[in-house]
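Undergrad: For the sequence shown, the positions run 0 to 127 when numbering that gives the first Met the number 0 is used. From the three backbone atoms N, C-alpha and C, an ideal C-beta is built for every residue, glycine too. This is the structure I want to talk about, given as structure tokens.
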Amino acid sequence: MRNYKRKLSARRYGDYSKEDLEAAVQFCRDGMPVREVAVLYLNISKSTINRKVNSKNIERHGHRTGLTREEESTSQSDCADSRHNRVYTTVESLICVQPETFLDLFLHYKRWKESSHSDVSLPKKRTR
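If you want it as structure tokens, here you go:
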């Protein structure tokens, strides 16, 4: 879910806004010690400010997405576009509806082909 916005009072830790964190980091970059900035902004811990100042742990959590944002928006707009007067193939509809499933199956098939069918078996069809 890409558009999730957490409420600031939803938990006891990490209860600060993005603007407060950016202001705290800017104070540190301007020469103010991290401890004093942490006292000034009581909700932000010293370690959080220090990580942001030193640009550590700035990546997003979780796995990388299979498609870039541009590819995702393009495929969604192509699937939703009613101007295309044709029937989509199974692969095209799978890419449009479930890109993660398609990529998992494709990569598994590629490994199976490269291993010359020896130690990797094709996944069984899922039944609900």
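1) Is DSSP giving ILE48 helix, strand or coil here?
2) Quick one: measure Cβ to Cβ for LEU20 and LYS51, integer angstroms, because I've assumed they're closer than 8 Å.
3) Can you tell me the Cα-Cα spacing of SER81 and GLU70, whole angstroms?
4) Under the three-state reduction of DSSP, which class applies to SER16: helix, strand or coil?
5) With distances taken between CB atoms, is the gap from ASN49 to ASP14 smaller than 8 Å?
6) Can you give me the start and stop residues for the alpha helix (DSSP H) that ARG34 sits inside?
7) When you compare only the Cα positions, how much space is there between GLU18 and SER44?
8) Let me know if THR67 comes out buried or exposed under the rule of 16 or more other beta-carbons within 10 Å of its beta-carbon.
9) Suppose you measure from the CA of TYR108 to the CA of GLY65; what does that come to, to the nearest Å?
TA: So, from the data block:
1) Residue numbering aside, residue 48 sits at position 49 when the sequence shown is read from its first letter. In this structure, ILE48 counts as helix in the three-state DSSP scheme.
2) Residue mapping note: residue 20 aligns to position 21 of the sequence shown, counting from 1. Residue mapping note: residue 51 aligns to position 52 of the sequence shown, counting from 1. Indeed they touch by this definition, with Cβ atoms about 6 Å apart.
3) Here residue 81 is taken as the residue at index 82 of the sequence shown, counted from 1. Here residue 70 is taken as the residue at index 71 of the sequence shown, counted from 1. The predicted model places SER81 with a pLDDT of 49, which falls under 50 and marks its position as unreliable; any figure quoted below should be read in that light. SER81 and GLU70: Cα-Cα distance of roughly 19 Å.
4) Against the sequence shown, residue 16 aligns to sequence position 17. The answer is coil: DSSP assigns SER16 none of H, G, I, E or B.
5) The residue labelled residue 49 in the question sits at position 50 within the sequence shown. The residue labelled residue 14 in the question sits at position 15 within the sequence shown. No, the Cβ-Cβ distance between ASN49 and ASP14 is not below 8 Å.
6) On the sequence shown, position 35 is the one that residue 34 refers to. First-last of the alpha helix (DSSP H) with ARG34: 33-39.
7) By 1-based counting over the sequence shown, the position of residue 18 is 19. By 1-based counting over the sequence shown, the position of residue 44 is 45. Whole-angstrom Cα-Cα distance: 15 Å.
8) In the sequence shown, counting from the first residue as 1, residue 67 sits at position 68. Counting every other CB atom within 10 Å of its CB across the protein chains shown gives THR67 a total below 16, marking it as exposed.
9) On the sequence shown, residue 108 is found 109 positions in, with the first residue counted as 1. On the sequence shown, residue 65 is found 66 positions in, with the first residue counted as 1. In a straight line, the C-alpha of TYR108 is about 16 Å away from that of GLY65.
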